[in-house]
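Okay, so the sequence shown: first residue is 1406 according to this note's numbering, each after it adds one.
A virtual CB, placed ideally from N, CA and C, is assigned to each residue, including glycine.
Notes follow once the structure below has been shown.
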Amino acid sequence: MRNCEYATFFHSPTWIKVLEKTYPHYSNATVGFIFSTGNRAIFPLVAEHSKGIVFEKVKYKSMPPGVYGGVLAEKRLTSEEIGAIFEHLTSTDISDLKVVENPLEHYEFPKSFVAKTLFTQILPLDADFEQLRIRFSRGQKSNIKQAQKKGVTVRIADSLEDYEHYYHIYQGTLKRWGKRAGTSYPWALFLNLFETRDPDVKLWLAEKDRKIIAGVLALYCNSTILYWHGCSLQEYLDHYPNNLLHMEVIKDGCARGYKVYDFNPSGGHEGVVKFKESFSAKRVDFKAYHWKQNRLIPWTRKYSQRLSFAERNHPVKEEKR
């Protein structure tokens, strides 16, 4: 994974371990490939187990919960190599497969996969942050100055208590947004991220008079920074803590040599889209794919296997005439 420049934190073994620990019905199903050319690839994959009426149901996802997945390779895969990967995946016991494409690397999926177009907003990071800040909108620059003038400061969380305060703010944000919030995450997910002690997991916090008023959870991998989660106290929105937080993450990323700040999809919230645009982030389309096997095929395969077993162990005797 470290040799793949477009890999994200969601492709990492750490993310899969966190998912397994948080959601007991998830298990690692990642597949690796070595081609005759010497090129190597992995397909990060998680199996979601649930009880069916008769048999256990298993759905495969790359990656949950609705985040970037798909194949990683040391070198750009040929169409034959990517075709071989999908041929393998769809000829195994997998009968339900969802893949969220990585917006930083595009591969052609088989036509049997149903596609849905999504978009994220990405900001290329320049080594010179000051040149990058010039491209912020006038309103964004003004809001950042207001945050600084009102005494908002930014630091990185360094304790479990910090994460607990952040989650408390998140619960208030969920109530404020209601159904518009979309997916909600359990405390266990944040706790398990904290317990990894992974330097690629950074919770940035905004404070006013030493009180945590907002936060941004950023995930790092190779040259990419992903803004995955954020929340704030409603009574401090006029202090513009989110504006200052993102500026500090971007500034730090430039100084440390990162190339991309991915603001992540906005869940259909137009106001959030405009907020990200004010940092001069550009829209990048990508797709989420879903493939389901014909329901008759698994039964046919099982029947064929049983028939083959019966023929081997109980051969039919030819009738003498």
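Whole angstroms are fine: how far does the CA of residue j sit from the CA of residue i?
i: V1665; j: M1406; result: 17 Å
i: K1679; j: K1426; result: 35 Å
i: E1566; j: H1573; result: 11 Å
i: G1437; j: I1447; result: 4 Å
i: L1596; j: Y1568; result: 7 Å
i: H1511; j: A1562; result: 34 Å
i: Y1632; j: D1501; result: 29 Å
i: A1593; j: V1476; result: 28 Å
i: F1491; j: F1514; result: 8 Å
Is the CB-CB distance between residue i and residue j below 8 Å?
i: A1552; j: Y1645; result: yes
i: S1628; j: Y1663; result: yes
i: Y1694; j: K1466; result: no
i: D1630; j: A1619; result: It is Ile, not Asp, that sits at residue 1630 in the sequence shown. Cβ atoms of I1630 and A1619: not closer than 8 Å.
i: V1361; j: Y1431; result: The shown model of the chain, from 1406 to 1726, leaves out residue 1361, and the question about it has no answer.
i: G1676; j: G1587; result: no
i: K1647; j: G1635; result: Looking at the sequence itself, residue 1647 is Asn, so the reference to Lys does not match. It is a contact, given that the beta carbons lie within the stated cut-off.
i: F1415; j: D1605; result: no
i: I1421; j: P1449; result: yes
If residue i sits next to residue j, beta carbons under 8 Å apart, how far is it from one beta carbon to the other, in whole angstroms?
i: A1660; j: I1527; result: Wrong, their Cβ atoms sit about 19 Å apart, outside the cutoff.
i: F1524; j: F1691; result: 7 Å
i: L1649; j: A1611; result: 6 Å
i: A1478; j: N1444; result: 6 Å
Here's the rule I'm using: 16 or more other beta-carbon atoms within 10 Å means buried, otherwise exposed. How should residue i be labelled?
i: D1533; result: exposed
i: C1409; result: buried
i: S1455; result: exposed
i: L1545; result: The question names Leu, yet the displayed sequence has Gln at residue 1545. So Q1545 counts as buried.
i: L1598; result: buried
i: D1667; result: buried
i: I1539; result: exposed
i: E1600; result: exposed
i: V1459; result: exposed
### Query
Which runs of the beta strand (DSSP E), 3 residues or longer, sit entirely within the region 1560-1644?
Those beta strand (DSSP E) runs which fall completely within the region 1560-1644 and span 3+ residues are 1606-1613, 1616-1626 and 1629-1637.
### Query
At what residue ranges does the region 1476-1555 contain a whole run of the beta strand (DSSP E), taking only runs of 3 or more?
Counting whole runs of 3 or more residues, the region 1476-1555 contains the beta strand (DSSP E) stretches 1501-1505 and 1519-1529.
### Message
If we require 4 or more residues per run, which alpha helix (DSSP H) segments fall completely within the region 1672-1704?
### Response
1675-1682, all fully within the region 1672-1704.
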